[in-house]
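Anchor point for the sequence shown: position 336 equals 336 in UniProt numbering, and the numbering is continuous, going up by one each time. We put the beta carbon where it would ideally sit given N, CA and C, even for glycine.
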Amino acid sequence: MVEIVKEVREEGIRQPITLLIQRADYLLNVVTDQSSGEEKYEIKQVEVNSGSVAGLSLKRRNSELHRQMLRQVGMDTAPSPDNQPDAALVETLHMAWKLFNDPNAMVLILSTTFIPYKFDQRQIATELEQISDGKIECIFYSLQGTMENLHLDPNDFSLRQNSNGRRVAVVYSNMSALGYRPTFLKTYELQMEGRRMIERSTAIKAPSLAMGISCTKKIQQDAMERPENYVLKPNRECGGHNYFDEKITEALQKFTLKEKAAHILMQKLHPMTVENYTLRPLAEPQKATLVPELGVYGFLLGNEVDGTVLENVQQGYHFRSKLAHLNGGGIGAGLGVYDTAYLF
């Protein structure tokens, strides 16, 4: 993918406008003072996601559901903050579509086989239709599907649909550029051709491939002696692929240079825990010890060539709770649940 970015820059960037969708994740780390034994709290940034930022339309529904539950038990809903990151996303996507300046152009949403995110994508498409008074039509293709249903116009490098020749104004992706799971990479070569076609086109990328891979993890450090203080994370998203404790030592001993380059070694935090209930499909609520994690959303629409900022918005948050006794906490991997904040 780095080669695709290089190729696009060598040819000349045909669409400088891009939309960066970002989420910065934080944990409340517990630190024990060595002299007094007193516990102190500090906010630690875990990572910054700029490619795999999914589930935005679900956050509003989570907050609405929790407020309804608070009202039912007679509790004040004021400490439950408003949460509408999907509104900011849709507004900036709408702005990008208008900047393309073709009222007949469509918005391409890169689809995934991961079912929960299909609901999120359909909701975003519905909100785009509403905010544009029905002018925006969204189409859904996987990266492989783009090669089968779209083509690059050799005259103006616009991305066009094969069936009707209509142009694509914006390409929106909430998937990691590197894929969520290995099974997603079975058609890797064809997917990369789809990426190349999109990046070479005049369509506005949300985000561009360069932005999408800028948050990937690519640093190697030495943690052979005290692996319990670290976590080894790969360049994939969605959780469930991390190495902990003695597994780190084993991995560092057997990894090739190429495999090492695909991972980052991060200091392991000791986050605050709380007692709460989790609710999963077709199961009774379970009380558990959980670790809360906060993510803050940001949306930046601008020109990546000259640095002009057209819109810069911070709106909405992502809150998830993870089982404290498990290493890792991806919701897609079944290790965490969506949650909301209650301020007091």
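Residue i, enclosing beta strand (DSSP E) - first and last residue
i, result
"residue 358", "This structure cannot speak to residue 358, because the chain is shown only from 1 to 344."
"Arg23", "17-32"
"Lys44", "39-49"
"Ser321", "309-323"
"Ala210", "Unbroken run through Ala210 is the alpha helix (DSSP H), 209-212; no beta strand (DSSP E)."
"Arg196", "From DSSP, Arg196 is part of no beta strand (DSSP E) but of the alpha helix (DSSP H) over 188-200."
"Ile139", "138-141"
"Val170", "168-172"
"Glu275", "274-278"
"Lys205", "204-206"
"Gly336", "336-339"
"Glu293", "286-303"
"Val107", "106-110"
"Leu159", "159-161"
Exposure label - residue i; buried when at least 16 CB within 10 Å
i, result
"Ile43", "exposed"
"residue 354", "With the chain covering 1 to 344 only, the question about residue 354 has no answer from this structure."
"Asp153", "exposed"
"Asp76", "exposed"
"Ser306", "Here the sequence assigns Asp to residue 306, which means Ser is not the residue at that position. Exposed, by the Cβ-count rule."
"Ser36", "exposed"
"Asn155", "exposed"
"Met69", "exposed"
"Ala54", "buried"
"Arg71", "exposed"
"Leu65", "exposed"
"Tyr188", "exposed"
"Leu336", "A small correction: the amino acid at residue 336 is Gly; Leu does not occupy that position in the sequence shown. With 16 or more Cβ atoms within 10 Å of its Cβ, Gly336 is classed as buried."
"Leu34", "Position check: residue 34 holds Gln in this sequence, whereas Leu was assumed. Classification for Gln34: exposed."
"Gln130", "exposed"
Residue range of the alpha helix (DSSP H) that includes residue i
i, result
"Pro85", "85-100"
"Asn62", "56-72"
"Ile4", "2-11"
Straight-line gap, residue i to residue j (C-alpha atoms, nearest Å)
i, j, result
"Phe157", "Thr308", "23 Å"
"Glu39", "Val31", "6 Å"
"Asn101", "Ala169", "8 Å"
"Asp339", "Lys6", "40 Å"
"Arg200", "Arg61", "37 Å"
"Pro79", "Ala341", "8 Å"
"Met1", "Gly145", "18 Å"
"Ser163", "His151", "10 Å"
"Gln161", "Ser142", "14 Å"
"residue 369", "Asp82", "No answer is possible for residue 369: it lies beyond the span of the chain, which begins at 1 and ends at 344."
"Gly212", "Pro281", "32 Å"
"Val313", "Leu300", "6 Å"
"Ile204", "Thr249", "43 Å"
"Pro234", "Glu137", "36 Å"
"Asn149", "Gln191", "13 Å"
"Ile4", "Thr202", "15 Å"
"Glu225", "Leu279", "In this prediction, Glu225 scores a pLDDT of 48, lower than 50, which makes its location untrustworthy; the coordinate-derived value is nonetheless stated afterwards. Cα-Cα distance, rounded: 39 Å."
"Gly12", "Leu28", "44 Å"
"Leu343", "Asp133", "36 Å"
"Tyr277", "Glu193", "45 Å"
"Tyr41", "Pro103", "52 Å"
"Asn242", "Ile17", "35 Å"
"Thr126", "Lys135", "12 Å"
"Leu209", "Tyr172", "11 Å"
"Gln121", "Gln253", "41 Å"
"Glu284", "Ile109", "35 Å"
"residue 374", "Ile331", "No information on residue 374 is available, as it lies outside the stretch 1 to 344 that the chain covers here."
"Gly334", "Thr273", "19 Å"
"Met147", "Phe140", "13 Å"
"Glu91", "Gly302", "14 Å"
"residue 352", "Leu326", "In the structure as shown, the chain starts at 1 and stops at 344, and residue 352 therefore has no counterpart that could be examined."
"Glu259", "Ala251", "9 Å"
"Gln84", "Lys98", "22 Å"
Rounded Cβ spacing between residue i and residue j (contact assumed at less than 8 Å)
i, j, result
"Met197", "Thr112", "The pair is not a contact, with the Cβ atoms about 18 Å apart (cut-off 8 Å)."
"Ser50", "Ile124", "With a Cβ gap of about 17 Å, Ser50 and Ile124 do not count as contacting."
"Val107", "Leu89", "So it is not a contact: roughly 12 Å between Cβ atoms."
"Arg166", "Ala206", "Not confirmed; about 18 Å, so no contact."
"Ala24", "Val8", "Contact flag wrong, Cβ pair sits at about 27 Å."
"Met95", "Glu304", "Contact flag wrong, Cβ pair sits at about 16 Å."
"Lys59", "Asp86", "7 Å"
"His318", "Gly295", "3 Å"
"Gly298", "Gln45", "Their Cβ separation, rounded to whole angstroms, is 13 Å, which puts Gly298 and Gln45 out of contact at 8 Å."
Below-9 Å beta-carbon distance, residue i vs any chain B residue
i, result
"Val31", "Looking at the structure shown, chain B is missing, and only one protein chain is on hand."
(message) Counting beta carbon pairs with one atom in the region 313-323 and one in the region 282-302, are three or more of them shorter than 8 Å?
(response) yes
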